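See structure below.
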Amino acid sequence: LEEKDEVYKRYPEDTTSIGSNSSHDEKDMNSWRIHVSGIDELRDNTYANVKSFVFLIEVQRLDPNSNNPLLMDDEKTNWIIARRYQDFYLLEQKLIRFHGVFSDARLPPKKSSAYARNREFLESIKKDFQYFLRHLLTKPTLRNSELLYNFLTQSDDFTLPTGEVVLCKFRKIFLS
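Take the sequence shown: its letter number 18 is residue 18 in the UniProt record's numbering, and every next letter is one higher.
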């Protein structure tokens, strides 16, 4: 896939692919800075006695010319997004499907769901997840990726398409 990055450098206008935006400036993530700042307990009323956690990801947009924080009144320049352990692996799978494998931007091997409910384990891999996201933002082929953009900006459930989320909630109501 590093080949794709080289092609992008030579012909950036010709490399828009599946999962990419056509508006290069508006959603160009090349100048974004990522920091996985912590782990927070998720408040989920569905299963009252099951603890789950999310990674808190701080996103900051910088001025591409000066690397200073953007000072814009009309757009958000900083925000925090919460993502579950499995969201990272789903992102990786989707990016591989649409863009191929990035050998230098991989997540650690996935563990069972019991690990995703262990705060100490999540704290121990927080830096790996941060490195993964930061490295993805350096990839020219991903600088306008709709998948990566949604992962870092949309607070809805990343694990299921919107229609499936509604269907799952609908089933929970009638099956309980």
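We put the beta carbon where it would ideally sit given N, CA and C, even for glycine. Keep in mind that this is a model prediction, so the values were computed, not measured.
Cut-off 8 Å between Cβ atoms - residues of its own chain near residue i, not counting five sequence neighbours on either side
i: A82; result: D40, L42, V54, F55, L56, I57 and S155
i: S52; result: E41, L42, D44, R84, A116 and R117
i: F132; result: F88, E92, A105, R106 and L107
i: M29; result: L137, L142, R143, N144, S145, L148, Y149 and L152
Where residue i falls, given that 16 or more other Cβ within 10 Å makes a residue buried
i: I125; result: buried
i: R143; result: buried
i: S113; result: exposed
i: K139; result: buried
i: S145; result: buried
Euclidean distance between Cα positions of residue i and residue j
i: S31; j: L62; result: 5 Å
i: A116; j: R84; result: 8 Å
i: D128; j: A105; result: 10 Å
i: L152; j: I96; result: 17 Å
i: V50; j: R119; result: 13 Å
i: residue 181; j: I80; result: In the structure as shown, the chain starts at 1 and stops at 176, and residue 181 therefore has no counterpart that could be examined.
i: H135; j: T141; result: 12 Å
i: S37; j: G100; result: 28 Å
Contacting residues, own chain, Cβ-Cβ under 6 Å from residue i (five flanking each side not counted)
i: K94; result: L147
i: E92; result: L107
Cutoff 7 Å; reference residue i; Cβ partners in own chain excluding five residues on either side
i: H35; result: E58 and Q130
i: K110; result: Y89
Segments assigned beta strand (DSSP E), at least 3 residues, entirely inside the UniProt domain "PX" (33-159)
The DSSP assignment places complete beta strand (DSSP E) segments of no fewer than 3 residues inside the UniProt domain "PX" (33-159) at 53-61 and 78-83, in order along the chain.
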